[in-house]
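The sequence shown begins at 54 in our numbering and counts up one residue at a time.
Built from N, CA and C at the ideal position, the CB exists for glycine as well.
These notes are about the structure you will find just below.
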Amino acid sequence: MRHFWNDVNRVRRERVHAEVAAAKVRQAQVSAFWDRHKTVVKERWAGRTAGRGKTMIVDIPEIAVQWHSDNTVRPEEVSATAQQRGVAVSPYLWECPLGLGHKPWPAWPKDRVQAGAGCPACRQLIRLADLRTLADQYRGLIPAGDTSFAARDRAPWVCRTWAVEPTTGRWHKVEHHFDAVTKERALQGDGCRVCAGYVIDDTNSLQTWFPEIAAEVDDPDIDPRQLSTSQHNISRKKLDTNDPKDAYERLSWRCRHGHRWKATILNRVRGARCPRCSTAGTSKEQVRLIAELAGLMDYVPPQPRDARLPDGLTDFASHQITVPPLHKPDHWRYKAVEVDAVFHVQGGLRIGVEYDGSYHHSVKKRDRQQFESEKSQVLAAADKLDLLVHVRVGDLPPLEAPQALSVPIPERSDPYQQACAVATAIRNRIPDSVPGLDDYVARRRAQCQEQADAYILAVWGELRPPRRKPERVASPRPRRLKETEPHHDSLLTPVDAPYRNPVRSAEIVRDYQCACGNSPFTAVQAQVTSGNTKSCGCLRNQTKQQQRSTISSVETRDARAWAREQGIEVGVNGRVPDRITASYRLSKAGRLDALGSDGLLEEHRVQQWAQLNGQKLGARGRVTSEVWLAYAIDCLTVGEPDDGATEQQPAREAVQEGA
Ligand SMILES: [Zn+2]
Ligand SMILES: [Zn+2]
Ligand SMILES: [Zn+2]
Ligand SMILES: [Zn+2]
Numbered sequence: 054m055r056h057f058w059n060d061v062n063r064v065r066r067e068r069v070h071a072e073v074a075a076a077k078v079r080q081a082q083v084s085a086f087w088d089r090h091k092t093v094v095k096e097r098w099a100g101r102t103a104g105r106g107k108t109m110i111v112d113i114p115e116i117a118v119q120w121h122s123d124n125t126v127r128p129e130e131v132s133a134t135a136q137q138r139g140v141a142v143s144p145y146l147w148e149c150p151l152g153l154g155h156k157p158w159p160a161w162p163k164d165r166v167q168a169g170a171g172c173p174a175c176r177q178l179i180r181l182a183d184l185r186t187l188a189d190q191y192r193g194l195i196p197a198g199d200t201s202f203a204a205r206d207r208a209p210w211v212c213r214t215w216a217v218e219p220t221t222g223r224w225h226k227v228e229h230h231f232d233a234v235t236k237e238r239a240l241q242g243d244g245c246r247v248c249a250g251y252v253i254d255d256t257n258s259l260q261t262w263f264p265e266i267a268a269e270v271d272d273p274d275i276d277p278r279q280l281s282t283s284q285h286n287i288s289r290k291k292l293d294t295n296d297p298k299d300a301y302e303r304l305s306w307r308c309r310h311g312h313r314w315k316a317t318i319l320n321r322v323r324g325a326r327c328p329r330c331s332t333a334g335t336s337k338e339q340v341r342l343i344a345e346l347a348g349l350m351d352y353v354p355p356q357p358r359d360a361r362l363p364d365g366l367t368d369f370a371s372h373q374i375t376v377p378p379l380h381k382p383d384h385w386r387y388k389a390v391e392v393d394a395v396f397h398v399q400g401g402l403r404i405g406v407e408y409d410g411s412y413h414h415s416v417k418k419r420d421r422q423q424f425e426s427e428k429s430q431v432l433a434a435a436d437k438l439d440l441l442v443h444v445r446v447g448d449l450p451p452l453e454a455p456q457a458l459s460v461p462i463p464e465r466s467d468p469y470q471q472a473c474a475v476a477t478a479i480r481n482r483i484p485d486s487v488p489g490l491d492d493y494v495a496r497r498r499a500q501c502q503e504q505a506d507a508y509i510l511a512v513w514g515e516l517r518p519p520r521r522k523p524e525r526v527a528s529p530r531p532r533r534l535k536e537t538e539p540h541h542d543s544l545l546t547p548v549d550a551p552y553r554n555p556v557r558s559a560e561i562v563r564d565y566q567c568a569c570g571n572s573p574f575t576a577v578q579a580q581v582t583s584g585n586t587k588s589c590g591c592l593r594n595q596t597k598q599q600q601r602s603t604i605s606s607v608e609t610r611d612a613r614a615w616a617r618e619q620g621i622e623v624g625v626n627g628r629v630p631d632r633i634t635a636s637y638r639l640s641k642a643g644r645l646d647a648l649g650s651d652g653l654l655e656e657h658r659v660q661q662w663a664q665l666n667g668q669k670l671g672a673r674g675r676v677t678s679e680v681w682l683a684y685a686i687d688c689l690t691v692g693e694p695d696d697g698a699t700e701q702q703p704a705r706e707a708v709q710e711g712a
């Protein structure tokens, strides 16, 4: 999950960086204009010819052109050095000459002429609204158009992204909410604080990802919905005040059996369980067999008894048998030997039973073979056991040793079949050792599974094997994917490593820069390599634009009638404007959400969409016939065109150009 979010945030950070850089270039151009303006105006003032107090605004033409039409007096009537002491705000308004939509500003002529002061909005040109990627995420009270990109205010933000549902592995859209300082986001490239794990919500909390672990938090003041899944070290802030030796953020845990212990969240997430409940090496199949055998021979419970077991319940845990130093082979690391179960039979003989199930099949355990065959000899020599029975499940090789007895049992045999096989083998080795065996065999079914069930419930908490852990189902950490080059005449250049399409995981997509400048553009890597996708869509649009789309007379008639119904002005004959035709098509398809309040497509949305998608606009940004229609087509095929109103999804419908 975190890995995927990091990828998305890296792309966004690069976009913000590029947007800031572009905005700074614009700011530098505008500042250069005003610097030149100042020099010219000051020179003009220095070279004046009129007498003292006789130079008027109109005599400084560079300033005079900025005289606002709302001023009630004319520039011929106002002195170039007009300034009234004690009146802070000048009554004279000026108009920014750069057409950037700046509000008229009041200033005293003296300041403008002698100091060369210019449009104040031009000096602080970069607004948060200019950084599209950030402005989309901004939810502050002050409009993004009125906020400097370097504001030090803390504001709320929303990151729209994708998250995985841990139990199903499905991706779905989510919104991350967090507060951050605008300047830090714009200039330091700070990404989403939820994605980064600094802010915890339902998409990344311990409660969501590891509910079983969250249920074991033993502190009423801690809410697992607020816990990260990776907390391990104590934060530096806390470290200063705490014992410096303990650098780990250990929490208290309490298992279902009431054992308490301390561990970090990361320890727990990586698999550390209750140290006293560890059932490593014991299997439920083993417990089921031992329970049956306990009905046939004198079962010797292990010491000490497992404290979590209710009274009256048989303890089927393994025995730790200590081998005296004299008998411990030098190459054995431990003096305690684990034996799964111990029985007493007639004649005072002690029989150990070892259950070698699937655990023993793993390659890693193969080298235990020697240790396993030595075990019976050492235990016999130390006078701890008289016979060690190795129950070998499946195709495990038999163990050959004088005091060992190998009993092969088929995989998936039931406890009754296993018990018959083991008890018969024991009776064959030690006659009369299992007197009840014939009766048992005759009953044709297991007799002691109630005890086994009770024990399994007490120890594991469930009878069936535990479900696979959710983090394995979701598998959020993708493997590194193979990179392939674009087709030789492609306009696309990769900007990043390929990744899986979060909504169609079989598809490998990649972000590209298109030769037209459009970037990042997400496409299916294989399509780019084969040449089916050669550009961001700009090539395809060029071809399209050459053929002026024809609109049938029937559609023209219907669109005209529809427009009239809507109260939209439309001529009686001739071609219906394409904006109306495009709006009509969307309306007919039920896509009223794409239309504005007047029933027509909104020009600014289409303009934004066109810029984002490399569509050519007409002069002065005018939306052309073709763009109106293309936008409608995009709406109808893609569903939700990327017009900037929605955050870019990690992998939109990747464009495939018609072959
Ligand atoms: Zn301005
Ligand atoms: Zn996020
Ligand atoms: Zn426990
Ligand atoms: Zn392009």
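Any residue whose CB is nearer than 6 angstroms to a heavy atom belonging to ligand 1, listed in chain order: Cys149, Leu151, Leu153, His155, Cys172, Ala174 and Cys175
In or out: Pro144 buried (at least 16 other Cβ within 10 Å) or exposed? In the sequence shown, residue 144 corresponds to position 91, counting from 1. With fewer than 16 other Cβ atoms within 10 Å, it is exposed.
Roughly how many angstroms separate the alpha carbons of Trp306 and Gln456, rounded to a whole number? Here the question's residue 306 lines up with position 253 in the sequence shown. Here the question's residue 456 lines up with position 403 in the sequence shown. The alpha-carbon atoms of Trp306 and Gln456 are separated by roughly 44 angstroms.
By the DSSP assignment, the alpha helix (DSSP H) with Pro264 in it spans what residues? Taking the first residue of the sequence shown as position 1, residue 264 is located at position 211. Where Pro264 is concerned, the enclosing alpha helix (DSSP H) stretches over Pro264 to Ala267.
Could you work out which residue in Arg613, Ser636, Glu618 and Leu639 is closest to Gly627 when comparing CA atoms only? By one-based count along the sequence shown, residue 627 stands at place 574. When only C-alpha atoms are compared, the closest one is Arg613.
Near Ala527, which residues of its chain fall below 7 angstroms by C-beta distance, leaving aside the five closest residues on each side in sequence? Residue mapping note: residue 527 aligns to position 474 of the sequence shown, counting from 1. Because the pLDDT of Ala527 is 42, which lies under 50, any placement of that residue in the model is unreliable, and the number read from its coordinates should be weighed accordingly. Correct list, in chain order: Val217, Pro219 and Gly222.
Span separating the alpha-carbon of His90 from that of Leu153: Translated into the one-based positions of the sequence shown, residue 90 becomes position 37. Translated into the one-based positions of the sequence shown, residue 153 becomes position 100. Going by the C-alpha atoms only, they are around 17 angstroms apart.
Would you say the beta carbon of Cys327 is closer than 6 angstroms to some non-hydrogen atom of ligand 2? Taking the first residue of the sequence shown as position 1, residue 327 is located at position 274. Outside the cutoff, so no.
Trp215 to Arg68 span [Cα, whole Å]: Position 162 of the sequence shown holds residue 215. Position 15 of the sequence shown holds residue 68. Spanning the alpha carbons of Trp215 and Arg68 requires a straight line of approximately 19 angstroms.
Might you give, ordered along the chain, the residues of its own chain that have their beta carbon closer than 8 angstroms to the beta carbon of Glu129, omitting 5 neighbours on each side? Start at 1 with the first residue of the sequence shown, and residue 129 comes out as number 76. These residues qualify, in order along the chain: Met109, Ile110 and Val111.
Specify, as a first and last residue, the run of the beta strand (DSSP E) that Cys212 falls within. Along the sequence shown, one-based indexing puts residue 212 at 159. DSSP places Cys212 in the uninterrupted beta strand (DSSP E) bounded by Arg207 to Val217.
Between His225 and ligand 2, is the CB less than 6 angstroms from at least one heavy atom? Here residue 225 refers to the residue found at position 172 when the sequence shown is read from its first residue. No.
Name the residue from Leu510, Gly514, Tyr469 and Asp276 whose alpha carbon lies nearest to the alpha carbon of Asp495. Taking the sequence shown and counting its residues from 1, one reaches residue 495 at position 442. For clarity, residue 495 is Ala in the given sequence; the question names Asp instead. Selected option, being the one with the closest Cα: Tyr469.
For Thr603 and Glu710, the rounded distance between their alpha carbons: Numbered from its first residue, the sequence shown carries residue 710 at position 657. Numbered from its first residue, the sequence shown carries residue 603 at position 550. At Glu710 the pLDDT is 43, less than 50, meaning the model places this residue with poor confidence and gives no usable figure here.
With burial defined as no fewer than 16 other Cβ atoms inside 10 Å of the residue's Cβ, what is the status of Lys641: buried or exposed? Within the sequence shown, residue 641 is the residue found at index 588, counting from 1. By the 10 Å Cβ count, Lys641 comes out exposed.
Alpha carbon to alpha carbon, how far is Lys107 from Thr200? What you label residue 107 is simply residue 54 of the sequence shown in a count that begins at 1. What you label residue 200 is simply residue 147 of the sequence shown in a count that begins at 1. Lys107 and Thr200: Cα-Cα distance of roughly 41 angstroms.
Cβ neighbour criterion (16 or more within 10 Å) applied to His443: Residue 443 sits at position 390 when you count from the first residue of the sequence shown. Answer is buried; the Cβ neighbour count reaches 16.
Sorry if obvious, but does the Cβ on Thr261 come closer than 6 angstroms to a heavy atom of ligand 2? Within the sequence shown, the letter at position 208 stands for residue 261. No, the beta carbon of Thr261 sits no closer than 6 angstroms to any heavy atom of ligand 2.
Can you tell me where the beta strand (DSSP E) with Ser543 in it begins and where it stops? Within the sequence shown, residue 543 is the residue found at index 490, counting from 1. Segment: none, Ser543 is in no beta strand (DSSP E) and carries neither H nor E.
Option in Arg638, Lys669, Gln566 and Gly667 with minimal Cα separation from Leu654: Residue 654 sits at position 601 when you count from the first residue of the sequence shown. The residue among Arg638, Lys669, Gln566 and Gly667 with its C-alpha nearest the C-alpha of Leu654 is Arg638.
Do Asp368 and Pro354 have their C-beta atoms closer together than 7 angstroms? Along the sequence shown, read from residue 1 onward, the residue named residue 368 stands at position 315. Along the sequence shown, read from residue 1 onward, the residue named residue 354 stands at position 301. Cβ distance < 7 angstroms, so Asp368 and Pro354 count as in contact.
Short of 6 angstroms in beta carbon distance, which residues of its chain neighbour Asn571, apart from the five on each side in sequence? Order them along the chain. Position 518 of the sequence shown, counting from 1, holds the residue named residue 571. Excluding residues within five positions, the ones whose Cβ falls inside 6 angstroms are Cys589 and Gly667.
Is the beta carbon of His380 sitting closer than 7 angstroms to the one on Ala433? Counting from one through the sequence shown, the residue named residue 380 turns up at place 327. Counting from one through the sequence shown, the residue named residue 433 turns up at place 380. Contact: no.
So, is Arg165 buried or exposed, given that buried needs 16 or more other C-beta atoms within 10 angstroms? The count along the sequence shown starts at 1 and reaches residue 165 at position 112. With 16 or more other Cβ atoms within 10 Å, it is buried.
If you reduce the DSSP assignment to three classes, tell me which class Ala81 lands in. Position 28 of the sequence shown, counted from the start, is the residue given in the question as residue 81. Residue state, collapsed to three classes: helix.
Using the Cβ count rule (16 or more neighbours within 10 Å means buried), how would you classify Trp58? Residue 58 sits at position 5 when you count from the first residue of the sequence shown. Buried: at least 16 other Cβ atoms inside 10 Å.
Indicate, with yes or no, if ligand 2 has a heavy atom lying under 6 angstroms from the CB of His229. Numbered from 1 along the sequence shown, position 176 holds the residue referred to as residue 229. For ligand 2, at least one heavy atom lies less than 6 angstroms from the Cβ of His229.
So, helix, strand or coil for Pro159, using DSSP? Taking the sequence shown and counting its residues from 1, one reaches residue 159 at position 106. Note: Pro159 maps to strand in three-state DSSP.
Go to Ser459, then tell me how far its beta strand (DSSP E) extends in each direction, as first and last residue. Translated into the one-based positions of the sequence shown, residue 459 becomes position 406. It spans Ala457 to Ile462 - the beta strand (DSSP E) in which Ser459 sits, taken as one unbroken run.
Closer than 6 angstroms: Val217 CB and nearest ligand 2 heavy atom: Along the sequence shown, one-based indexing puts residue 217 at 164. No; taking the cut-off as 6 angstroms, the Cβ of Val217 has no heavy atom of ligand 2 nearer than that.
Buried or exposed by the 16-neighbour rule on C-beta atoms within 10 Å, applied to Asn554: The residue you call residue 554 lines up with position 501 of the sequence shown. Buried, because 16 or more other Cβ atoms sit within 10 Å of the Cβ of Asn554.
Below 6 angstroms, is the gap between the Cβ of Val211 and the nearest heavy atom of ligand 2? To locate residue 211, count along the sequence shown from 1; it is residue 158. Not so, every heavy atom of ligand 2 lies at least 6 angstroms from the Cβ.
Ser636 to Leu670, Cα distance in whole Å? Residue mapping note: residue 636 aligns to position 583 of the sequence shown, counting from 1. Residue mapping note: residue 670 aligns to position 617 of the sequence shown, counting from 1. Going from the Cα of Ser636 to the Cα of Leu670 covers about 18 angstroms.
Determine which residues share a DSSP beta bridge with Val111 and list them. Locating residue 111 in the sequence shown gives position 58, where the first residue counts as 1. DSSP output for Val111 lists no bridge partner at all.
Give the list of continuous beta strand (DSSP E) stretches no shorter than 3 residues that lie fully inside the segment 311-396. Taking only runs of at least 3 residues, the beta strand (DSSP E) segments lying wholly in the segment 311-396 are 313-316, 351-353, 372-375 and 389-392.
For Ile318 and Pro547, what's the separation of their Cα atoms in angstroms? In the sequence shown, the residue the question calls residue 318 occupies position 265. In the sequence shown, the residue the question calls residue 547 occupies position 494. If I take the Cα positions, the gap works out to 38 angstroms.
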